[in-house]
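Some notes on the structure that comes next.
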Amino acid sequence: MSTLKEEAPKRTPRLRKLKRVIYGTALVGATYTGWSMYRNRNPAEQMAFDPSKKTLVLLGTGWGSTTMLKNLDTDNYNVVVVSP
1191 MSTLKEEAPK RTPRLRKLKR VIYGTALVGA TYTGWSMYRN RNPAEQMAFD
1241 PSKKTLVLLG TGWGSTTMLK NLDTDNYNVV VVSP
C-alpha cells in the first residue's frame, strides 16, 4: 500500500535572499520618500535680514529671475524670492 504525496517544491536560498533584498529595497525607498517629503514641507530656518542692506523681492523663478540671481552680489542685498 503506497500513498502518493505531492511535495511542494522547496524554495532555494537564492529566492529567499532575493525576496529579502526586494523587501529591504522597498522599505528603504519608502523611508527615503517620507523623509524627502518631510524635508520639502519643513524647510530650514532662513538667515536673518541685515537692516543695512537693501531688500530685493523677485516675483517668480523663471529664466529672468534665475539669470539675475546668478549675477547678483548677495553681499549687498537681502533677496526674497516669491514663487508659487
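For the sequence shown, position 56 (counting from the first letter as 1) is numbered 1246 according to my numbering, and the numbering increases by one without interruption. Glycine included, every Cβ here is placed at the ideal spot set by N, Cα and C.
Annotated as distal: N1268 and T1251, with beta-carbon spacing of 8 Å or more. Beta-bridge partners of N1268 (DSSP): T1245.
When C-beta atoms of the stretch 1259–1268 are compared with those of the stretch 1227–1246, three or more pairs fall below 8 Å, so the two segments count as touching.
Where N1232 is concerned, there is no enclosing alpha helix (DSSP H), because DSSP gives it neither an H nor an E.
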